[in-house]
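Novice:
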Amino acid sequence: MELKVWVDGVVRVVCGLSEETSCQDVVIALAQAIGQTGRYVLIQRLRDSERQLLANERPLESLAKLGQHGNDVQFFLRRTGPSSSDGPGSGSGSTQDRVAPLSMPKHPEPEPLKRTQPKKSLTFNLGPSTSPKSKAKQLIRNPIPPHHATSPSPHSHSPSPSPHSPSPLLEAMERDSRSRNRASPASSPSPVPEARLQEEMEALEQAARRNQAELAHETFWEEELQAEVERERGMRRRLGELHAKMDDCGRRLHDFSSRSAQLEQAIKRENLGGGAHAGRANQAGGEESLGAMRAELQSQGRHSEELEGELSETDSALGKAESLLQMSCHQSHGNFHFLSGIITLEGLLVQEQFNHIQLVSNLLKCPICGL
359 MELKVWVDGV VRVVCGLSEE TSCQDVVIAL AQAIGQTGRY VLIQRLRDSE RQLLANERPL
419 ESLAKLGQHG NDVQFFLRRT GPSSSDGPGS GSGSTQDRVA PLSMPKHPEP EPLKRTQPKK
479 SLTFNLGPST SPKSKAKQLI RNPIPPHHAT SPSPHSHSPS PSPHSPSPLL EAMERDSRSR
539 NRASPASSPS PVPEARLQEE MEALEQAARR NQAELAHETF WEEELQAEVE RERGMRRRLG
599 ELHAKMDDCG RRLHDFSSRS AQLEQAIKRE NLGGGAHAGR ANQAGGEESL GAMRAELQSQ
659 GRHSEELEGE LSETDSALGK AESLLQMSCH QSHGNFHFLS GIITLEGLLV QEQFNHIQLV
719 SNLLKCPICG L
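The opening position of the sequence shown corresponds to residue 359 in our numbering, with each subsequent residue numbered one higher.
1. Determine the closest residue to N429 out of Q410, T438, R405, with distance taken between C-alpha atoms.
2. Among the candidates P417, A585, L621, whose CA atom is the shortest distance from the CA of G649?
3. Whether or not the segment 574-587 and the segment 610-621 are in contact is what I'm after, with contact meaning three or more pairs of Cβ atoms, one per stretch, closer than 8 Å; do they touch?
4. In angstroms with no decimal places, state the Cα-to-Cα distance between G451 and E563.
5. Return helix, strand or coil for Q656, following the three-state DSSP convention.
6. So for P510, helix, strand or coil by DSSP?
7. Three-state secondary structure (DSSP) at Q620?
8. Let me know the secondary structure DSSP gives R610 once reduced to three states.
9. Which residue's Cα is closest to the Cα of R352: D534, E664, L361, N569?
10. Short check: CB of R403 to CB of Q432, under 8 Å?
11. Measuring straight from C-alpha to C-alpha, what distance separates F578 and L676?
12. Report yes or no: do three or more beta-carbon pairs, one from the segment 664-676 and one from the segment 589-600, lie closer than 8 Å?
13. Taking its Cβ as the centre, do 16 or more other Cβ atoms sit within 10 Å of D606, making it buried, or is it exposed?
14. Excluding five sequence neighbours on each side, which residues of the same chain lie with their C-beta closer than 7 Å to the C-beta of M359?
15. Have a look at C724 and L682 and give me their C-alpha separation to the nearest angstrom.
16. Is Q570 helix, strand or coil by DSSP?
17. Give the C-beta separation of Q390 and V399 to the nearest angstrom, bearing in mind that I take them to be a contact with Cβ-Cβ under 8 Å.
18. My understanding is that M559 touches A679, with C-beta atoms under 8 Å, so please give their C-beta distance in whole angstroms.
19. Tell me which same chain residues have a C-beta within less than 6 Å of the C-beta of P459, skipping the five on either side of it?
20. Can you give me the C-alpha to C-alpha distance between E628 and G608, rounded to a whole angstrom?
21. Given the structure, does F433 come close to the ligand FMN, in the sense that its CB is under 7 Å from one of the ligand's heavy atoms?
22. Look at the alpha carbon of R554 and the alpha carbon of N569, and state the distance between them as a whole number of angstroms.
23. Output needed for V365: all residues of its chain with C-beta closer than 7 Å, excluding positions within five of it in sequence on either side, in chain order.
24. When DSSP labels each residue in this structure, what does G439 get in the three-state scheme?
25. May I ask you to list the residues that DSSP assigns as paired with H407?
26. What are the start and end residues of the beta strand (DSSP E) that includes L388?
27. Please report how far the alpha carbon of I386 lies from the alpha carbon of R437, in whole angstroms.
28. Please list, in chain order, all residues of the same chain as A566 whose beta carbon is under 6 Å from its beta carbon, the five residues on each side excluded.
29. Is it buried or exposed, E645, if we count other Cβ atoms within 10 angstroms and call 16 or more buried?
30. Which residue from G396, T395, R397, H427 puts its Cα closest to that of S407?
31. Under 8 Å by Cβ, that's how I've got G439 and G396 pegged, so tell me the actual separation to the nearest angstrom.
32. Alpha carbon to alpha carbon, how far is L655 from H661?
33. What separation, rounded to the nearest whole angstrom, lies between the Cα atoms of I625 and G631?
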């Protein structure tokens, strides 16, 4: 496994980690790599929160506990102060790096490395064996260009030797690491690309927007349904009023029919029993009565026509309400078929009342009145 650590603004990769590798091992490898003595701590940053890892903590175990948030974790190597061995005589050929909160002894490097070049991203390998009993710290760094390399003097022992003179041990370790990486190229899992995470987030946002739109659409159709229910109640009240008016017209028509029958009988009796003068007088009185009856019947006919028009309007309004309710039921996936049945039944009732009014209108056309 590998671990990316930010050191002075440069990403450095530490390879060869296992679940048993502690924070102390990572800090020692990084400190030996940069060639600077001092006290170091490893910082774990997740978004806006930071936490200092203890010496015995395991970075890979900490990442496993975070789960899917492990991709957002960043590790930083922070120098907290100089080492206790830093001083006038600290520049010997074998420098030992120390970390303040750590108590494990440090392994001296054959040649101390000091940063005198521009910052680069280096790769470090902790080696194949990272057990708590025997943990060999191995450092692998990128090869130095030839024009930056300097050959050390074999006759002089300077306090700060050249950092660019690779030792045979480092070269052998580098070759071994390269051969191991070529032998097992798929040993370390590749991290999830950020583009894929971004696509998943966009897909989730689109799904959330679709759910919100569906909820708003459902709310709209519920409001429409309530409005249709209110309109249906108003139509029912209007239909009750029309039924009352039709009953009143039926009673009045019955009265006029009885009066017309009485007048016909009176006219017949007058024609049979009276003289010509009396007959003419009675006929004139009968004509006047018939004229009044005609006027009354004409007014009732007009009223019946008005009722027919109102019933036709009510019938069309009920048909529109039925179609709108069917549409709203289809859009909101609701079970509103009972409303359609009620409206269809009311339409049949209105049609029956309309036929009754036509029958009444035909009855109003009395053969005696000539209407």
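From the three backbone atoms N, C-alpha and C, an ideal C-beta is built for every residue, glycine too.
Specialist: Based on what the coordinates show:
1. Reading the sequence shown from its first residue, position 71 is the one you call residue 429. It is R405.
2. Position 291 of the sequence shown holds residue 649. Closest option to G649, Cα to Cα, is L621.
3. no
4. On the sequence shown, position 93 is the one that residue 451 refers to. On the sequence shown, position 205 is the one that residue 563 refers to. Confidence at G451 is low in this model, with a pLDDT of 38, below 50, so the placement of that residue should be treated as unreliable; the coordinate-derived value is given next. CA-CA distance, G451 to E563, rounds to 60 Å.
5. The residue given as residue 656 occupies position 298 in the sequence shown. Q656 falls in the helix class under three-state DSSP.
6. Taking the sequence shown and counting its residues from 1, the one referred to as residue 510 is at position 152. Note that P510 has pLDDT 41, beneath the 50 cutoff, so the model's placement of it is unreliable and no number is given.
7. Reading the sequence shown from its first residue, position 262 is the one you call residue 620. Here Q620 sits in helix by DSSP.
8. Reading the sequence shown from its first residue, position 252 is the one you call residue 610. It is helical.
9. Lying outside 359 to 729, the shown extent of the chain, residue 352 is not represented and no answer is given.
10. By 1-based counting over the sequence shown, the position of residue 403 is 45. By 1-based counting over the sequence shown, the position of residue 432 is 74. A contact, by the Cβ cut-off of 8 Å.
11. Locating residue 578 in the sequence shown gives position 220, counting from the first residue. Locating residue 676 in the sequence shown gives position 318, counting from the first residue. Going from the Cα of F578 to the Cα of L676 covers about 22 Å.
12. yes
13. Counting from one through the sequence shown, the residue named residue 606 turns up at place 248. D606 should be labelled exposed.
14. As a first step, residue 359 is located in the sequence shown; it is residue number 1 there, counting from the start. These residues qualify, in order along the chain: L375, S376, L418, S546.
15. Residue mapping note: residue 724 aligns to position 366 of the sequence shown, counting from 1. Residue mapping note: residue 682 aligns to position 324 of the sequence shown, counting from 1. Here C724 scores only 48 on pLDDT, less than 50, and its place in the model should not be relied on; the value that follows carries that caveat. About 43 Å.
16. Looking up residue 570 in the sequence shown gives position 212. Residue state, collapsed to three classes: helix.
17. The residue you call residue 390 lines up with position 32 of the sequence shown. The residue you call residue 399 lines up with position 41 of the sequence shown. Actually they are not in contact, since the Cβ atoms of Q390 and V399 sit about 16 Å apart, beyond 8 Å.
18. Residue 559 sits at position 201 when you count from the first residue of the sequence shown. Residue 679 sits at position 321 when you count from the first residue of the sequence shown. Actually they do not touch by this definition, with Cβ atoms about 46 Å apart.
19. The residue given as residue 459 occupies position 101 in the sequence shown. Confidence at P459 is low in this model, with a pLDDT of 38, below 50, so its placement is unreliable and the value that follows should be read with caution. Once the five neighbours on either side are set aside, the close Cβ partners of P459 are A413.
20. Residue numbering aside, residue 628 sits at position 270 when the sequence shown is read from its first letter. Residue numbering aside, residue 608 sits at position 250 when the sequence shown is read from its first letter. Our two residues, E628 and G608, have alpha carbons roughly 30 Å apart in a direct line.
21. Among the components of this structure there are no ligands whatsoever, and the ligand FMN is therefore not found.
22. In the sequence shown, the residue the question calls residue 554 occupies position 196. In the sequence shown, the residue the question calls residue 569 occupies position 211. Approximately 23 Å between the Cα atoms of the pair.
23. Residue 365 sits at position 7 when you count from the first residue of the sequence shown. L388, I392, L435.
24. The residue given as residue 439 occupies position 81 in the sequence shown. Reduced to three states, the DSSP call for G439 is strand.
25. One-based indexing of the sequence shown puts residue 407 at position 49. In the sequence under discussion, the amino acid at residue 407 is Ser, which differs from the His named in the question. In the DSSP assignment, S407 forms a beta bridge with L404.
26. If you number the sequence shown from 1, residue 388 lands on position 30. Taken as a continuous stretch (DSSP letters only), L388 belongs to no beta strand (DSSP E), being part of the alpha helix (DSSP H) at 381-392.
27. Sequence index remark: in the sequence shown, residue 386 carries index 28 (1-based). Sequence index remark: in the sequence shown, residue 437 carries index 79 (1-based). Cα to Cα, the separation comes out at about 12 Å.
28. By one-based count along the sequence shown, residue 566 stands at place 208. If we look at A566 and ignore the five residues flanking it on each side, it has no Cβ neighbours.
29. In the sequence shown, the residue the question calls residue 645 occupies position 287. Exposed is the call here.
30. For the purposes of this step, residue 407 is identified with residue 49 of the sequence shown, where counting begins at 1. The option with the nearest alpha carbon to S407 is H427.
31. In the sequence shown, residue 439 corresponds to position 81, counting from 1. In the sequence shown, residue 396 corresponds to position 38, counting from 1. The pair is a contact, with the Cβ atoms about 6 Å apart (cut-off 8 Å).
32. Mapped onto the sequence shown, residue 655 falls at position 297. Mapped onto the sequence shown, residue 661 falls at position 303. C-alpha separation (whole angstroms): 10 Å.
33. Taking the sequence shown and counting its residues from 1, one reaches residue 625 at position 267. Taking the sequence shown and counting its residues from 1, one reaches residue 631 at position 273. Straight-line Cα distance between these residues: approximately 10 Å.
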